[in-house]
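To convert a position in the sequence shown, counted from 1, into the working numbering, add 10. Each remark here refers to the structure printed beneath this line.
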Amino acid sequence: MQTIQIKGVKRDNFGKKGAKDIRREGLIPCVIYGNGGESIHFAIETAEAKKLIYTPKSYIVELDIEGQIEKGVMRETQFHPVKDYCLHIDFFRVVAGKPVAIEIPVAVVGNSEGVKAGGKLQIARRKLMVSGLEENLLDELVIDITNLGVGKTINVGDLNFEGLTMLNPASATVVAVLATRATAGK
(Lines of atoms letter the chains of each structure in order from A and count residues from 1; the text may use other names and numbers.)
(Lines give C-alpha, C1' and ligand atoms only; values in the text may rest on other atoms or scores of the structure.)
Protein backbone atom coordinates (compact mmCIF):
# COMPACT_ATOMS: atom_id res chain seq x y z
CA MET A 1 0.00 0.00 0.00
CA GLN A 2 1.19 3.49 -0.84
CA THR A 3 2.40 5.79 1.92
CA ILE A 4 1.89 9.54 2.05
CA GLN A 5 3.82 11.93 4.36
CA ILE A 6 2.04 14.75 6.15
CA LYS A 7 3.49 17.28 8.60
CA GLY A 8 1.50 18.34 11.63
CA VAL A 9 1.82 20.58 14.68
CA LYS A 10 0.70 19.61 18.17
CA ARG A 11 -2.23 21.49 19.60
CA ASP A 12 -3.02 22.23 23.21
CA ASN A 13 -6.33 24.08 22.92
CA PHE A 14 -9.27 21.70 22.67
CA GLY A 15 -13.00 22.11 22.39
CA LYS A 16 -15.15 24.16 20.07
CA LYS A 17 -13.28 27.45 20.58
CA GLY A 18 -9.86 25.85 20.17
CA ALA A 19 -10.92 24.09 16.96
CA LYS A 20 -12.33 27.35 15.55
CA ASP A 21 -9.05 29.15 16.28
CA ILE A 22 -7.09 26.42 14.50
CA ARG A 23 -9.38 26.52 11.45
CA ARG A 24 -9.01 30.33 11.27
CA GLU A 25 -5.25 29.76 10.81
CA GLY A 26 -5.94 27.53 7.77
CA LEU A 27 -5.34 24.29 9.65
CA ILE A 28 -7.53 21.23 10.26
CA PRO A 29 -7.70 19.75 13.78
CA CYS A 30 -6.80 16.05 13.88
CA VAL A 31 -6.28 13.22 16.35
CA ILE A 32 -4.45 9.89 16.11
CA TYR A 33 -5.47 7.13 18.50
CA GLY A 34 -5.65 3.36 18.99
CA ASN A 35 -3.46 0.26 19.19
CA GLY A 36 -2.41 0.87 22.77
CA GLY A 37 -0.84 4.30 22.24
CA GLU A 38 -2.00 7.55 23.76
CA SER A 39 -4.10 9.94 21.71
CA ILE A 40 -2.17 12.78 20.10
CA HIS A 41 -4.05 15.93 19.12
CA PHE A 42 -2.49 17.90 16.28
CA ALA A 43 -3.36 20.04 13.25
CA ILE A 44 -2.40 19.79 9.58
CA GLU A 45 -2.56 22.29 6.72
CA THR A 46 -5.67 22.21 4.54
CA ALA A 47 -3.58 21.74 1.37
CA GLU A 48 -1.92 18.66 2.90
CA ALA A 49 -5.30 17.17 3.76
CA LYS A 50 -6.72 17.69 0.25
CA LYS A 51 -4.32 15.18 -1.32
CA LEU A 52 -5.46 12.63 1.27
CA ILE A 53 -9.21 13.31 1.29
CA TYR A 54 -10.08 14.11 -2.33
CA THR A 55 -8.77 10.91 -3.93
CA PRO A 56 -10.27 7.49 -4.54
CA LYS A 57 -7.06 5.88 -3.25
CA SER A 58 -6.34 4.70 0.29
CA TYR A 59 -3.03 5.44 1.98
CA ILE A 60 -0.96 4.60 5.00
CA VAL A 61 -0.28 8.08 6.40
CA GLU A 62 3.13 8.83 7.89
CA LEU A 63 2.54 11.76 10.21
CA ASP A 64 5.46 13.95 11.28
CA ILE A 65 4.11 15.72 14.36
CA GLU A 66 6.89 18.11 15.36
CA GLY A 67 9.55 15.40 14.88
CA GLN A 68 7.49 12.53 16.32
CA ILE A 69 6.72 10.01 13.56
CA GLU A 70 3.38 8.17 13.71
CA LYS A 71 1.83 5.83 11.14
CA GLY A 72 -1.91 5.69 10.71
CA VAL A 73 -4.89 5.31 8.43
CA MET A 74 -7.64 7.87 7.99
CA ARG A 75 -10.61 6.57 9.95
CA GLU A 76 -13.18 9.39 9.89
CA THR A 77 -13.51 12.80 8.27
CA GLN A 78 -16.06 15.38 9.40
CA PHE A 79 -17.28 18.06 6.97
CA HIS A 80 -19.22 21.29 7.47
CA PRO A 81 -22.87 20.48 6.63
CA VAL A 82 -23.41 23.55 4.43
CA LYS A 83 -20.05 24.85 3.22
CA ASP A 84 -18.56 21.34 2.73
CA TYR A 85 -15.04 22.01 4.04
CA CYS A 86 -13.18 19.61 6.32
CA LEU A 87 -13.76 20.21 10.04
CA HIS A 88 -11.83 17.33 11.65
CA ILE A 89 -9.89 14.17 10.75
CA ASP A 90 -9.45 11.04 12.90
CA PHE A 91 -6.50 8.72 12.25
CA PHE A 92 -6.14 5.18 13.61
CA ARG A 93 -2.57 4.22 14.58
CA VAL A 94 -0.84 1.46 12.58
CA VAL A 95 1.49 -0.75 14.61
CA ALA A 96 3.74 -3.44 13.11
CA GLY A 97 2.39 -6.94 13.78
CA LYS A 98 -1.18 -5.78 14.50
CA PRO A 99 -3.95 -5.87 11.88
CA VAL A 100 -5.56 -2.64 10.78
CA ALA A 101 -8.99 -2.08 9.18
CA ILE A 102 -9.08 0.12 6.08
CA GLU A 103 -11.26 0.70 3.02
CA ILE A 104 -9.47 -0.28 -0.20
CA PRO A 105 -10.70 0.67 -3.70
CA VAL A 106 -12.06 -2.01 -6.06
CA ALA A 107 -10.59 -2.34 -9.57
CA VAL A 108 -12.59 -4.34 -12.13
CA VAL A 109 -10.64 -6.02 -14.96
CA GLY A 110 -11.69 -8.14 -17.92
CA ASN A 111 -14.50 -8.04 -20.46
CA SER A 112 -17.56 -9.77 -19.03
CA GLU A 113 -19.41 -12.42 -21.05
CA GLY A 114 -22.69 -10.87 -19.87
CA VAL A 115 -21.71 -7.40 -21.09
CA LYS A 116 -20.73 -8.86 -24.48
CA ALA A 117 -24.22 -10.40 -24.64
CA GLY A 118 -25.83 -6.98 -24.01
CA GLY A 119 -26.00 -6.86 -20.21
CA LYS A 120 -25.18 -3.79 -18.15
CA LEU A 121 -22.24 -3.83 -15.72
CA GLN A 122 -23.03 -2.43 -12.30
CA ILE A 123 -20.30 -1.81 -9.72
CA ALA A 124 -22.20 -1.75 -6.43
CA ARG A 125 -19.22 -1.09 -4.14
CA ARG A 126 -16.30 1.13 -5.10
CA LYS A 127 -14.40 0.36 -1.87
CA LEU A 128 -14.36 -2.64 0.48
CA MET A 129 -13.42 -2.69 4.16
CA VAL A 130 -10.63 -5.17 4.88
CA SER A 131 -8.46 -6.05 7.84
CA GLY A 132 -4.84 -7.14 7.57
CA LEU A 133 -1.25 -6.47 8.53
CA GLU A 134 0.36 -3.39 7.00
CA GLU A 135 2.60 -5.46 4.71
CA ASN A 136 -0.43 -7.37 3.29
CA LEU A 137 -2.50 -4.29 2.40
CA LEU A 138 -3.01 -3.75 -1.33
CA ASP A 139 -3.35 -0.50 -3.33
CA GLU A 140 -6.53 -1.88 -4.90
CA LEU A 141 -8.60 -5.07 -4.84
CA VAL A 142 -8.51 -6.43 -8.40
CA ILE A 143 -11.62 -8.39 -9.43
CA ASP A 144 -11.69 -10.29 -12.74
CA ILE A 145 -15.17 -10.24 -14.31
CA THR A 146 -14.36 -12.13 -17.53
CA ASN A 147 -16.66 -15.11 -16.72
CA LEU A 148 -19.51 -13.04 -15.26
CA GLY A 149 -22.71 -13.73 -17.20
CA VAL A 150 -26.03 -11.89 -17.47
CA GLY A 151 -27.89 -11.87 -14.14
CA LYS A 152 -24.79 -13.02 -12.23
CA THR A 153 -23.09 -11.25 -9.33
CA ILE A 154 -19.85 -11.30 -7.40
CA ASN A 155 -20.45 -10.95 -3.67
CA VAL A 156 -17.96 -10.13 -0.91
CA GLY A 157 -18.09 -13.79 0.18
CA ASP A 158 -16.84 -14.86 -3.28
CA LEU A 159 -13.63 -12.82 -2.91
CA ASN A 160 -10.40 -14.02 -1.36
CA PHE A 161 -7.22 -11.98 -1.03
CA GLU A 162 -4.17 -13.48 0.66
CA GLY A 163 -3.52 -12.08 4.14
CA LEU A 164 -6.71 -9.98 4.17
CA THR A 165 -10.02 -10.53 5.95
CA MET A 166 -13.10 -9.03 4.35
CA LEU A 167 -15.14 -6.99 6.87
CA ASN A 168 -18.18 -6.24 4.67
CA PRO A 169 -21.10 -8.71 4.92
CA ALA A 170 -20.47 -11.82 2.79
CA SER A 171 -23.82 -11.38 1.02
CA ALA A 172 -23.08 -7.78 -0.08
CA THR A 173 -22.88 -7.45 -3.88
CA VAL A 174 -19.70 -5.95 -5.32
CA VAL A 175 -20.22 -6.35 -9.08
CA ALA A 176 -23.24 -7.49 -11.10
CA VAL A 177 -24.24 -7.81 -14.75
CA LEU A 178 -27.86 -6.73 -15.05
CA ALA A 179 -30.25 -7.97 -17.71
CA THR A 180 -31.35 -5.37 -20.25
CA ARG A 181 -33.99 -5.33 -22.98
CA ALA A 182 -31.33 -6.54 -25.40
CA THR A 183 -30.77 -9.67 -23.28
CA ALA A 184 -34.44 -10.34 -22.42
CA GLY A 185 -35.15 -12.40 -25.54
CA LYS A 186 -31.99 -14.52 -25.29
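Each residue gets a CB set at the ideal place from its N, CA and C atoms; glycine is no exception.
Query, Result
"Over what stretch of residues does the beta strand (DSSP E) that includes Arg85 continue unbroken?", "78 to 89"
"In whole angstroms, what is the alpha-carbon distance linking Glu80 and Lys26?", "25 Å"
"May I ask you to list the residues that DSSP assigns as paired with Ala186?", "Gln132, Thr163"
"Thinking C-beta only, is Leu138 closer than 9 Å to Ile114?", "yes"
"Expressed to the nearest angstrom, what Euclidean distance is found between the alpha-carbon atoms of Asn121 and Leu37?", "45 Å"
"Between which two residues does the alpha helix (DSSP H) holding Arg33 run?", "25 to 34"
"Quick one: using the 10 Å Cβ neighbour count with 16 as the cut-off for buried, is Val184 buried or exposed?", "buried"
"Considering only C-alpha positions, which residue in the set Glu76, Gln78, Ala59 is nearest to Met84?", "Ala59"
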